[in-house]
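Oh and the sequence shown: position 184 is 184 in UniProt numbering, straight run, nothing missing. No residue lacks a Cβ here, since even glycine has one placed at the ideal position from N, Cα and C.
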Amino acid sequence: MPSAQDWINNPLGVVEGMFAQSNCNPEWGEKVVDYFKDKLSEKEAQTWVPSLNDVPLHYLKPNSLVKFRCLVQDMFDPEFYMGVYEAVDPVTKSKSLKCGKYKDVTDCVQVDFNSRNSVTSERQTFYCVPVPGESPWARVIPSTSYTPNRQKRSYEDDDEMDTQPQRPRDSNTGSHSSGDSQRNGDPKRQETEAPSSSSTSPPSCASPLDLNYPLPGEQGPACLVKVYEGWESFKLNDTLEVFGILSVDPTLSGVAEEKDATSLLDPADSMETAEEQRAHSPPPSLVPRLHMVYALPLQHNNPLLPSAGSEDKNAFVTSFLSELGSIRSEFLAYLTHILLGDTLAAEYLLLHLISNVYARRDVLPLGKFALNLSGCPQTSPYTEHLYRIIQHLVPSSYRLPMSLQNMNSMRLVPRKDYAANRLVSGALQLASNTSLFLDETQLEQGQLDASGVRNITALGNLISWQKVDYDFNYHQMEFPCNINVLVASEGRSLLPSDCQVHMQPQMTPPNLEEYLSAIQAAQAPSQMNKFRLFLSVARQLDYSISEEVTKAVEDDFVEMRKDDPQSMSAEDLHRMLVVSRLLSLSFGQTTLSTDVWMKTKHLELLRMSRVQQQKSVNGHEP
């Protein structure tokens, strides 16, 4: 590790040095990005960079390089900033060109606004939040090579939390002590950002600032990520690991009411309302700015598995595949205990947990496997314990109790707020591969209102089409997603599913909670990590079917329909192909074999037999 760490502790010094050597060559920006990419590609270099997810904001050095694992929750309109400006020395009156990139404020006293050498540039702003529903085990442990060094004055001292006076202290935003004497910041610094990003929220404003987390009760830092290159390649709801220069200058929170002739841009040019400025420029003590120099799209957020760009990933996966079979057996036994001895339900739950949308054919998402686990025990809060166990296995998850109150009152679908010009999040704005646990056992008798009907419809569309139609008031905009949906119910779910398995518990523990806790406690941490890796590795394997096996499956389908054409539909065949694919992947096989196809037929026969049996018992379809 470099002793000086200049590129981490003082990245702006690196940027300014490269700008000074560039003679205003437009390609200098690409060289900056390449420089930091090369540095971050060195072995373990990414672990040297402190994480905004793990280190409280007041421990991070301003203008240092930090990383942030996040979801792109909203995309604001592009903003203009002074990319190159001419600074004037107040004593000698000499002029020099300065770079405004990766900054919110300048560090000079005077700027020549009439200089012909000034260059106005454009950047995009993303509003980013931590990955919704991220499991505690999946939150990356802070690097041991980084030792927090608390600033002498926290940023909250510069900008007291006047917008959220009753908000509990959060470990990621630090304490909120008063410091009005420092509110105006350094008078030598001036704003480099356009008025469209400035706040007009007065210090006396008493309404709390909504950080717009998709899920209720979420905590962690939200962040305004400033993007300079290639922002067209990013999409709403992408999950990213952003490496950028941290900006927490306290003057940003009071810029709007303090604008005068020293501002780089005329405040009269701003077309924003006060509400829009408030939403787009929250106090940096709450929502820091992060000037992106490099971003790594995340295919997964499992910290146990090397990232996609890692040289070690292929070797790691190859090594792990050699023991996949034994891990599968242990994992199936674990799930069987959790499902009270029901091996068939455990098989299907295992397949569900490794399913994902791998492609789309027209409007049809391929690979999804929404599971309805019916027959859940009613004598105890079994579904709550089952969800906690799943939460310990997957990197991101959310349990939605489908009570009448929740269905009628919760905001599931994001909507556009035109007054604040932002996307107001909803509980279905989730990262790819999130496990959504719908607890239908909580649904009681009563009347769904219009909002409840819309929420049920949204859940049905999510399950059937893997899409969420965001509400833009005058129209709806379709956003594809990739969310694993498990519906736990007593009878057959009122929601659609790709597969229903009716539980048949083989045991009735006298104390179900103690039994499940004991099963979970019996698993060593190393064993749990193997299960977590199993799910991530199996999900990422490629899969194909040879022409020979395809022909055999088609012939088998014709044979099964020969005696009774009603016994096997095209939908049944599609489901069997999905099950066979997931079975193959769970064994570490990337192509369909005859043995796996026969096992698929056996599992489906047992499952359908249960469904028919339950239908006979109830006198109607369960």
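Residue i by DSSP, collapsed to three states: which one?
i	result
G17	helix
L393	coil
S497	coil
L339	coil
S196	Below a pLDDT of 50, predicted positions are generally treated as unreliable, and S196, at 35, falls in that range; no measurement from the model is reported.
P282	coil
N372	strand
L290	strand
H385	helix
N484	strand
E134	strand
R139	coil
M503	coil
S435	strand
D34	helix
L239	Before going on, a small fix: residue 239 reads as Thr here, not Leu. Here T239 sits in strand by DSSP.
K98	strand
T120	strand
P165	Low confidence applies here, because P165 scores a pLDDT of 35, under 50, leaving its location unreliable; read the following figure in that light. Three-state DSSP puts P165 in coil, outside helix and strand.
Just the C-alpha distance for residue i and residue j, rounded to the nearest angstrom, thanks.
i	j	result
H291	S319	38 Å
L400	I390	14 Å
D89	C99	16 Å
T594	V553	9 Å
Q73	E276	16 Å
E232	K467	21 Å
V453	S409	11 Å
Y348	C223	39 Å
P62	T106	14 Å
A333	A346	8 Å
residue 634	V227	The structure shown has nothing for residue 634, since the chain only spans 1 to 622.
V33	Q110	29 Å
A359	G217	33 Å
E122	W28	16 Å
R278	V596	58 Å
H337	F531	15 Å
F36	P56	24 Å
L12	D238	27 Å
F19	F113	20 Å
L324	P284	47 Å
Where does the unbroken beta strand (DSSP E) through residue i begin, and where does it stop?
i	result
residue 691	The chain is shown only over 1 to 622; residue 691 falls outside these bounds and no answer can be derived.
P62	Segment: none, P62 is in no beta strand (DSSP E) and carries neither H nor E.
Y81	E79 to V88
Is the distance from the Cβ of residue i to the Cβ of residue j below 7 Å?
i	j	result
H280	F126	no
F316	P303	no
E407	N455	Inspection of the sequence shows that residue 407 is occupied by Met rather than by Glu. Yes, the pair counts as a contact, with Cβ atoms nearer than the cut-off.
M507	Q442	no
L40	Q46	yes
V394	S432	no
N117	E86	yes
L541	L603	no
L495	V487	yes
L512	S380	yes
V293	F234	no
A370	S489	no
L252	D362	no
M568	T600	no
H352	S536	no
S464	V131	no
What residue from the options has the CA that sits closest to residue i's CA?
i	options	result
L583	P78, E514, S355 and R561	S355
H392	Q523, L512, N314 and D74	Q523
Y470	F331, F19, L423 and L512	L423
E547	N23, T591, S435 and P56	T591
M503	S609, N301, L97 and F437	S609
R415	F479, M568 and T434	F479
L215	L404, L71 and L366	L71
G133	A370, A427 and S526	A427
P50	Y398, K37 and L65	L65
S96	D104, V84, Y102 and K103	V84
W54	N9, N473 and Q219	According to the sequence shown, residue 54 is Asp rather than Trp. The candidate whose alpha carbon is nearest that of D54 is Q219.
D555	A538, S544, Q566 and L573	L573
Looking at the unbroken alpha helix (DSSP H) that takes in residue i, where does it start and where does it end?
i	result
T594	T594 to N618
V578	A570 to S586
K43	Taken as a continuous stretch (DSSP letters only), K43 belongs to no alpha helix (DSSP H), as it is neither H nor E.
Would a check of beta-carbon distances place residue i closer than 7 Å to chain D?
i	result
Q124	Protein chain content of the structure displayed is limited to a single chain, and chain D is not contained in it.
Quick one: does the C-beta of residue i sit closer than 6 Å to a heavy atom of the ligand ATP?
i	result
L224	Judged by which ligands are present, the structure shown has none, so any question about the ligand ATP falls away.
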